[in-house]
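Trainee: 6 is the number of the first residue of the sequence shown in the numbering used here; add one for each residue after it.
The beta carbon of each residue, even a glycine, is placed where N, CA and C say it ideally should be.
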Amino acid sequence: STARPSLPEAPKESRMERRARRTEELAQMFGRLEGESEEEYRSRVMPLISGGLLVPRMKIEEQRKVAQAKAHVTPEQSAQLDKAFDKIYGDVLDYTNKALTDGQLSPYERNVSGWLEYAGGLGGLLGEANGQIGKILEPTQVRAMSDAGFEWGEYLGLKAPWEQLKPPPAPRK
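1. Which word fits P186, buried or exposed, when buried means at least 16 other C-beta atoms lie within 10 angstroms of its C-beta?
2. With 16 other CB atoms within 10 Å as the buried threshold, where does Q169 fall?
3. Compare the Cα-Cα distances from W250 to each of A32, P52 and Y94 and report the closest residue.
4. By Cβ distance below 7 Å, which residues in the same chain neighbour G36 in space, the five residues on each side in sequence not counted?
5. Using CA atoms only, rank isn't needed, just tell me which of R26, K171 and A15 is closest to R115.
6. By the 10 Å Cβ neighbour count, where 16 or more other Cβ atoms means buried, how is M21 classified, buried or exposed?
7. Enumerate in chain order the residues of its own chain whose CB-to-CB distance from D87 is below 8 Å, with the five nearest sequence positions on each side excluded.
8. Measuring straight from C-alpha to C-alpha, what distance separates A185 and Q146?
See below:
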């Protein structure tokens, strides 16, 4: 009889050890490295962000086109939406940059209450965006896009120009 193949034993890592390891991994990936300038940070991190968002952005843009066609959104309305989104994106970047500067969002430490506060603020910005969308599209158009499976929050989150964020502050010593 032959021995059954088996996988090596998984390392015994506690929840706290795993959290510490993941926090360190995030700090290495998205935090500022020792002595790294803002420009060096941008050169290292922004291609990761752009690359990670490339395919989802293409897919969500196609979903918007399909949903707008089903909702009979005019080219003028679509252009008005894009113009409104430029201001929303500016607000989101300003809000996120402040959260990074203030430490509410940090690649160096877990701050669950900060994440939740940040998410709540984004929810408020999405509410404002939905208000702008409602001024441009008719309620039947909004409903038709939703019925087509299109979600404005997902669209705005993927299409925001995250590459324009300011680098986080250097880690505290």
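Mentor: Put simply:
1. The structure shown does not extend to residue 186, since the chain spans only 6 to 178, so no value can be given for it.
2. Residue burial annotation: Q169 is exposed, with fewer than 16 other C-beta atoms found within 10 angstroms of its C-beta.
3. Shown here, the chain extends from 6 to 178; a query on residue 250 therefore has no answer.
4. These residues qualify, in order along the chain: P112, Y113, P173 and P176.
5. For R115, the nearest C-alpha among the options comes from R26.
6. Counting the other Cβ atoms within 10 Å of the Cβ of M21 gives fewer than 16, which makes it exposed.
7. Hits under 8 Å: none found.
8. The structure shown does not extend to residue 185, since the chain is modelled only from 6 through 178, so no value can be given for it.
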